[in-house]
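Student: Okay, handing you the structure first.
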Amino acid sequence: MGVSGSKRPKAHLPSSRVSHSLQDEELICAVCKGILWQPVRCGNCQRSFCDQCLQTRISKKEPCGNTSLPCVAQNCPETITEKLSQLRIPCRYKQYGCPSCARYSRYDQLLKHEENCAYELITCSVCMAKVLKLNSDEHNQKCPLAIITCDECCAYYTRQDASLHTAAVCCQTLATNKIVVKYINVCVGSLITQKTDVIVVNALSCGMLESVLAAGGNSVRDSYTTESESSSAESVLSVVADGQLASKKIYFVEWRPGSNSTVLRRSIRKLFSETITEAVNEGYQSISFPAIGCGGFGCSPALMAEIFVTEVCHQLAAHPISILFVIESTEENIYKELQTQIGVIKNARMKIVSTEVGSGTIEVENGEIAQQKMDVITVSASSSILTKAIIQAAGDEFYTFATKNRSPNPPEKPHWFRRWIEKLHYKPQLIIKAGLRLFPYLMAILFNLSQYFYYGDDFLNCLTREADSRDPDKYFTRLTQASQIFHTILATL
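For the sequence shown, the numbering used here gives the first residue as 383, with consecutive numbering after it.
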């Protein structure tokens with residue numbers, strides 16, 4: 383009975399490791415088809431085997447070759463051992479430049495070398511490029527998709543986009559973060575007792591999932607089971623809260639930590655984006671998150687706190703909603719790290735940027751626009767967070783007045799130009815202080831009144847033509863040129 387139907391065992395020394403010019407049929411194992419390793423010969427069929435291959439056949443009582451005789455192990459002839467001793471085995475990474483080569487008798491040492499060979503080709507987990515292990519540190523310093531965090535504004539961007547993060551963009555991000563960070567709170571407690579509109583639960587955290595389902599009762603458990611079975615493609619499972627849960631809705635998500643900080647950040651960004659967008663679309667105004675990743679997943683509290691705060695600030699710039707991070711009493715480290723990270727943004731300082739434009743001065747500084755002691759402040763009506771901050775500072779009377787006097791129909795173009803110029807630009811010196819929309823969007827504050835007025839596209843484009851380049855020097859040059867056009871218009875009025 384033959385053994386052709388059985389699976390061939392893995393060769394300890396594959397024949398591909400040795401040059402074909404040095405191979406000899408006598409040196410090939412009859413079972414694994416690799417180079418003989420610790421060679422022996424069967425006394426009945428006179429064929430050569432690796433010692434382990436032959437011992438396996440003997441233990442399984444497999445017959446010798448096509449005979450019914452049992453296998454019998456004997457020493458190999460000296461001619462075979464002599465041929466084996468002459469073999470030279472190169473490192474498997476020779477094609478990438480490794481010069482290492484070992485004698486047959488030192489093959490096991492070569493295997494240990496290969497485990498840490500500097501010429502091994504590895505894959506960058508960030509950009510998926512193939513690099514030699516010996517060049518991995520250098521690649522990590524130059525990887526175009528690696529995430530860089532700005533020390534000034536805590537913004538993150540890929541290395542290949544570093545040139546786009548100019549001083550102007552940094553100022554804008556910093557000012558935005560300083561406003562929206564006020565909507566972020568941290569508390570020690572349990573998600574079950576939080577009275578926010580929505581709580582977010584990681585379904586892959588068994589302890590958290592079970593405690594929420596138990597508190598919600600049978601209705602929540604049944605709804606979760608039904609939703610998870612019928613909505614396999616949905617990334618956020620929305621279930622109405624019940625039982626002992628104090629919230630209105632529960633968002634179940636499935637989150638796993640990434641293999642590195644870049645992948646981790648992307649996964650957190652996706653989680654916040656999907657859950658916050660879902661909550662805003664459903665009309666909710668507050669949402670609670672657990673310290674995802676800091677429990678059983680074992681992620682660094684400092685790293686997670688930095689990612690949590692910067693990612694939430696990014697989301698709040700587009701979606702005004704109150705954020706609460708709920709920290710278990712056993713996770714004191716992440717609580718401290720979150721408070722520290724929020725403090726970093728609140729206490730960050732921005733350099734004042736100013737330039738002369740004709741006879742006027744444009745000055746940009748970090749601060750609260752509602753607290754500026756100016757004759758006039760101009761607010762972008764398209765920014766819901768900034769508008770909310772102004773209304774809170776001004777009171778209900780201002781809100782009633784602003785709502786009552788909102789013009790449904792835009793006036794004619796000449797009226798808009800004359801009114802804007804007469805109210806602002808007849809002053810010998812104009813100082814503009816903006817709290818949210820900074821360079822390269824400063825002019826957007828002055829002109830973004832489209833809900834009330836019609837503005838001339840040509841004039842606006844002339845002022846902001848270089849804004850998209852995110853280059854302050856070019857932007858100021860264009861402003862100077864625009865001021866000349868402005869004075870020409872002023873002279874004709």
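Even for Gly, the Cβ is constructed at its ideal location relative to N, Cα and C. All of these numbers come straight from a predicted model, not from anything done at the bench.
Considering only C-alpha positions, which residue in the set 606, 543, 667, 723 is nearest to residue 624?
Tutor: Reading the sequence shown from its first residue, position 242 is the one you call residue 624. Looking at the Cα atoms, 606 is the closest of the given residues.
Student: Return the CA-CA distance between residue 466 and residue 486, expressed in angstroms with no decimal places.
Tutor: Against the sequence shown, residue 466 aligns to sequence position 84. Against the sequence shown, residue 486 aligns to sequence position 104. Cα to Cα, the separation comes out at about 6 Å.
Student: Quick check for students: name the residue ranges of the beta strand (DSSP E) that lie wholly in the segment 571-639, counting only runs of 3 or more.
Tutor: As far as the segment 571-639 is concerned, its whole beta strand (DSSP E) runs of at least 3 residues are 580-584, 619-622, 631-635.
Student: Whole angstroms are fine: how far does the CA of residue 551 sit from the CA of residue 851?
Tutor: Residue 851 sits at position 469 when you count from the first residue of the sequence shown. Residue 551 sits at position 169 when you count from the first residue of the sequence shown. Because the pLDDT at residue 851 is just 46, under 50, the model does not fix this residue reliably, and the value given afterwards should be weighed accordingly. So the alpha carbons of these two residues sit roughly 11 Å apart.
Student: Express the C-alpha separation of residue 525 and residue 792 in angstroms, rounding to a whole number.
Tutor: The sequence position of residue 792 within the sequence shown is 410, counting from 1. The sequence position of residue 525 within the sequence shown is 143, counting from 1. Annotation note: pLDDT 46 at residue 792 (below 50); position unreliable, no value reported.
Student: What separation, rounded to the nearest whole angstrom, lies between the Cα atoms of residue 649 and residue 495?
Tutor: Sequence index remark: in the sequence shown, residue 649 carries index 267 (1-based). Sequence index remark: in the sequence shown, residue 495 carries index 113 (1-based). In a straight line, the C-alpha of residue 649 is about 36 Å away from that of residue 495.
Student: How is residue 512 classed by DSSP in three states: helix, strand or coil?
Tutor: For the purposes of this step, residue 512 is taken as the residue at position 130 of the sequence shown. DSSP places residue 512 in strand when its eight states are reduced to three.
Student: If the criterion is Cβ atoms closer than 7 Å, does the pair residue 566 and residue 573 meet it?
Tutor: Taking the first residue of the sequence shown as position 1, residue 566 is located at position 184. Taking the first residue of the sequence shown as position 1, residue 573 is located at position 191. In this structure, residue 573 does not lie closer than 7 Å to residue 566 by Cβ.
Student: Compare the C-alpha of residue 646 against each of 703, 529, 575, 542 and name the closest.
Tutor: Taking the first residue of the sequence shown as 1, we reach residue 646 at position 264. The residue with the shortest Cα to Cα distance from residue 646 is 529.
Student: Which value, in whole angstroms, describes the spacing of the CA atoms of residue 420 and residue 488?
Tutor: Position 38 of the sequence shown holds residue 420. Position 106 of the sequence shown holds residue 488. C-alpha separation (whole angstroms): 12 Å.
Student: Please identify the residue among 447, 435, 672, 665 whose C-alpha is closest to the C-alpha of residue 876.
Tutor: The question about residue 876 has no answer here: the residues shown for the chain are numbered 383 through 875.
Student: Could you check the C-alpha separation between residue 409 and residue 507 for me, to the nearest Å?
Tutor: Working through the sequence shown from its first residue, we reach residue 409 at position 27. Working through the sequence shown from its first residue, we reach residue 507 at position 125. Distance between the alpha carbons of residue 409 and residue 507: 41 Å.
Student: If distances are taken between C-alpha atoms only, which option among 684, 652, 727 comes closest to residue 719?
Tutor: Translated into the one-based positions of the sequence shown, residue 719 becomes position 337. Measuring from the Cα of residue 719, the nearest candidate turns out to be 684.
Student: Cα-Cα, which of 471, 726, 640, 612 is closest to residue 691?
Tutor: Reading the sequence shown from its first residue, position 309 is the one you call residue 691. Per the Cα distances, 726.
Student: Take residue 474 and list the residues in its own chain whose beta-carbon comes closer than 6 Å to its own, dropping the five residues that flank it on each side.
Tutor: On the sequence shown, residue 474 is found 92 positions in, with the first residue counted as 1. So the qualifying residues of the chain are 496.
Student: Using 10 angstroms around the beta-carbon of residue 708, count the other beta-carbons present and answer buried if the total reaches 16, otherwise exposed.
Tutor: Locating residue 708 in the sequence shown gives position 326, counting from the first residue. Answer is buried; the Cβ neighbour count reaches 16.
Student: So what does DSSP say about residue 559, is it helix, strand or coil?
Tutor: Stepping through the sequence shown from its first residue, residue 559 is reached at position 177. Helix at residue 559.
Student: Is it buried or exposed, residue 612, if we count other Cβ atoms within 10 angstroms and call 16 or more buried?
Tutor: As a first step, residue 612 is located in the sequence shown; it is residue number 230 there, counting from the start. Its Cβ having fewer than 16 others within 10 Å, residue 612 is exposed.
Student: Is residue 663 helix, strand or coil when you go by DSSP?
Tutor: Position 281 of the sequence shown, counted from the start, is the residue given in the question as residue 663. In the structure shown, residue 663 sits in a helix (DSSP, three-state: H, G or I).
Student: In terms of alpha-carbon separation, which member of 651, 644, 509, 660 lies closest to residue 634?
Tutor: Sequence index remark: in the sequence shown, residue 634 carries index 252 (1-based). When only C-alpha atoms are compared, the closest one is 660.
Student: Taking 8 Å as the cut-off, does the segment 533-543 touch the segment 584-593 (at least 3 CB pairs, one atom from each stretch)?
Tutor: Verdict: no, contact absent.
Student: In angstroms with no decimal places, state the Cα-to-Cα distance between residue 482 and residue 543.
Tutor: Within the sequence shown, the letter at position 100 stands for residue 482. Within the sequence shown, the letter at position 161 stands for residue 543. Answer to the nearest angstrom: the Cα atoms are 40 Å apart.
Student: For my contact list, residue 453 and residue 462 are in at a C-beta cut-off of 8 Å; report their separation, rounded to the angstrom.
Tutor: Residue numbering aside, residue 453 sits at position 71 when the sequence shown is read from its first letter. Residue numbering aside, residue 462 sits at position 80 when the sequence shown is read from its first letter. Actually they do not touch by this definition, with Cβ atoms about 18 Å apart.
Student: Could you tell me the boundaries of the alpha helix (DSSP H) in which residue 684 lies?
Tutor: On the sequence shown, residue 684 is found 302 positions in, with the first residue counted as 1. Per DSSP, residue 684 belongs to the alpha helix (DSSP H) from 683-698.
Student: Roughly how many angstroms separate the alpha carbons of residue 533 and residue 541, rounded to a whole number?
Tutor: Locating residue 533 in the sequence shown gives position 151, counting from the first residue. Locating residue 541 in the sequence shown gives position 159, counting from the first residue. The straight-line gap from Cα to Cα measures roughly 14 Å.
Student: Could you say which of 717, 414, 626, 663 lies nearest to residue 438 if we only look at CA atoms?
Tutor: For the purposes of this step, residue 438 is identified with residue 56 of the sequence shown, where counting begins at 1. The option with the nearest alpha carbon to residue 438 is 414.
Student: Measuring straight from C-alpha to C-alpha, what distance separates residue 491 and residue 514?
Tutor: By 1-based counting over the sequence shown, the position of residue 491 is 109. By 1-based counting over the sequence shown, the position of residue 514 is 132. Each residue's alpha carbon lies about 21 Å from the other.
Student: Leaving out five residues on either side along the sequence, give the residues of the same chain with a beta carbon under 8 Å from the beta carbon of residue 407.
Tutor: As a working note, residue 407 is residue 25 in the sequence shown. Once the five neighbours on either side are set aside, residue 407 has no close Cβ partner at all.
Student: Select from 626, 447, 695 the residue whose C-alpha is nearest the C-alpha of residue 651.
Tutor: As a working note, residue 651 is residue 269 in the sequence shown. Cα-wise, what sits closest to residue 651 is 695.
Student: Which of the three DSSP states is assigned to residue 717 in this structure?
Tutor: By one-based count along the sequence shown, residue 717 stands at place 335. Here residue 717 sits in helix by DSSP.
Student: Express the C-alpha separation of residue 609 and residue 432 in angstroms, rounding to a whole number.
Tutor: Sequence index remark: in the sequence shown, residue 432 carries index 50 (1-based). Sequence index remark: in the sequence shown, residue 609 carries index 227 (1-based). Distance between the alpha carbons of residue 432 and residue 609: 57 Å.
Student: Where does residue 517 sit, in a helix, a strand or coil, going by DSSP?
Tutor: Position 135 of the sequence shown holds residue 517. If DSSP states are grouped into helix, strand and coil, residue 517 belongs with the helices.
Student: Thinking residue 597 and residue 576 are a contact (beta carbons under 8 Å), I'd like their distance in whole angstroms, please.
Tutor: In the sequence shown, the residue the question calls residue 597 occupies position 215. In the sequence shown, the residue the question calls residue 576 occupies position 194. Actually they are not in contact, since the Cβ atoms of residue 597 and residue 576 sit about 11 Å apart, beyond 8 Å.
Student: Residue 451 and residue 426: beta carbons closer than 7 Å?
Tutor: For the purposes of this step, residue 451 is taken as the residue at position 69 of the sequence shown. For the purposes of this step, residue 426 is taken as the residue at position 44 of the sequence shown. Yes.
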